[in-house]
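Engineer: Let me give you the structure first, and then I'll get to my questions.
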Amino acid sequence: PTMRLDVVSIFPDYLAPLDLSLIGKARRDGLLDLRVHDLRDFAHDRHKSVDDTPYGGGAGMVMKPQPWAEALAAVAGSGAEGARPRLVVPGPGGAPFTQAMARELAAEPWLAFACGRYEGIDERVYEYAAQDLGLEVSVVSLGDYVLNGGEVAVLAIVEAVARLLPGVIGNAESLVEESHEDGLLEYPVFTKPASWESAPGVTRDVPTVLLSGDHGAIARWRHQQRLERTAARRPDLLHGSQAAPGSSASGAL
Ligand code: SAM
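Last residue of the sequence shown: 256 (full-length UniProt numbering), numbering continuous.
What follows is the structure, given as structure tokens:
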């Protein structure tokens, strides 16, 4: 099945990287139907203006409701009879984007993204999208920092979602053993040569257990590495982790 994605932005070129690499291939293979729309096509005044000064005062500009309403109505009405996209609006005040949310979004047949700029989009657009267009609206944050616009967030969200779709990543198993899939970070990885001469006379060796051929020992070592790495870098993940020490899942490997 093809997943449909619509992105509305005042900088459609910002989404050009979605032509590259695995996402680009998924589009060419028909796994992803990704359409980028220019918000300015829905602004009808002479200057195609999409922003204006904020009511109540304050710095910056706010995106006007009319172009957004028209753009979202056009997107929402362009699918099969009765079909509606789920609307994802990137914003620093949204729910944190996580691997679990990526999985949730990957289960949707159709997603639309509204890329804000300036101080954001007039609040009435959210209401209009939900009430008049009947869309489920999700405000999603990439993290606790501020970007200039939603485009970079959409690149990240689309990449995280698309790689979960069947056929996008060649080896589906590589999706399972990954950071954030089970609450622990990934173990360190190594490739050939086993002994690497990083400078004359200096060699750096791969941990010997990985060369042992003992799959049980390798699995135990990797699990230990995951625990240590998570404790060192992301101790917050260990609280409530399914794979924390002492929980039933910790014996799985
Ligand atoms: N005034 C807004 C606020 O404080 O919440 C910030 C607006 S920001 C300068 C402009 C746009 O960038 C937002 O509308 C949103 O689309 C995007 N953006 C900024 N930070 C983001 C984040 N952490 N996650 C997702 N989108 C973000």
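Here a beta-carbon is modelled for each residue, glycine too, at the ideal position from N, C-alpha and C.
#1: Please classify Tyr-190: is it buried, with 16 or more other beta-carbons within 10 angstroms of its beta-carbon, or exposed?
#2: Could you name the residues, in chain order, whose CB is less than 5 Å away from a heavy atom belonging to the ligand SAM?
#3: Which parts of the segment 85 to 118 are runs of the beta strand (DSSP E), unbroken and 3 residues or longer, counting only runs that do not cross its ends?
#4: Quick check: is the beta carbon of Thr-233 nearer than 7 Å to any beta carbon in chain D?
#5: Could you check what DSSP says for Leu-213 in three-state terms: helix, strand or coil?
#6: Could you check where the beta strand (DSSP E) with Leu-37 kicks off and where it finishes?
#7: Determine the closest residue to Asp-208 out of Asp-217, Lys-195, His-218, Ala-220, with distance taken between C-alpha atoms.
#8: Between the segment 96 to 116 and the segment 154 to 169, do at least 3 Cβ pairs fall closer than 8 Å?
#9: So, Thr-5 versus Gly-27, is the Cβ gap smaller than 7 Å?
#10: Of the choices Glu-73, Gly-152, Ala-133, whose alpha-carbon is the least far from that of Gly-94?
#11: Do you know whose CA, among Pro-20, Leu-21, Leu-187, Trp-71, lies nearest Gly-123's CA?
#12: Decide yes or no for the touch test of the segment 30 to 50 against the segment 178 to 185: beta carbon pairs closer than 8 Å, at least 3 of them.
#13: Using C-beta distances below 8 Å, list every residue in its chain close to Leu-138, excluding the 5 sequence neighbours before and after it, in chain order.
#14: DSSP puts Val-179 in a beta bridge; with which residues?
#15: Can you give me the Cβ contacts of Pro-57 inside the same chain, cut-off strictly under 8 Å, excluding the 5 residues immediately before and after it?
#16: Taking just the CA atoms, how far does Pro-169 sit from Leu-23?
#17: For Ala-29, which option in Gly-146, Ala-159, Val-171, Leu-8 has the closest C-alpha, if you only look at C-alpha atoms?
#18: Exposed or buried, Asp-16, counting other C-beta atoms within 10 Å across all chains shown (16 or more means buried)?
Structural biologist: Taking the structure as given:
#1: buried
#2: Pro-93, Gly-94, Pro-95, Gly-96, Gly-119, Glu-122, Gly-123, Ser-144, Leu-145, Val-149, Leu-150, Gly-152, Gly-153, Ala-156
#3: Look at the segment 85 to 118 and you find these whole runs of beta strand (DSSP E), each 3 residues long or longer: 89 to 99, 113 to 117.
#4: The structure shown contains no chain D, having only a single protein chain.
#5: Leu-213: helix per DSSP, three-state reduction.
#6: Per DSSP, the unbroken beta strand (DSSP E) holding Leu-37 starts and ends at 35 to 41.
#7: Lys-195
#8: yes
#9: no
#10: Gly-152
#11: Trp-71
#12: In the pairwise beta carbon analysis, the segment 30 to 50 is classified as not touching the segment 178 to 185: fewer than three pairs are separated by under 8 Å.
#13: Leu-75, Ala-79, Arg-87, Pro-88, Arg-89, Leu-90, Ala-115, Ala-132
#14: DSSP links Val-179 through a beta bridge to no other residue.
#15: Within the same chain, Pro-57 has close Cβ partners Gly-63, Met-64, Val-65, Glu-122.
#16: 18 Å
#17: Val-171
#18: exposed
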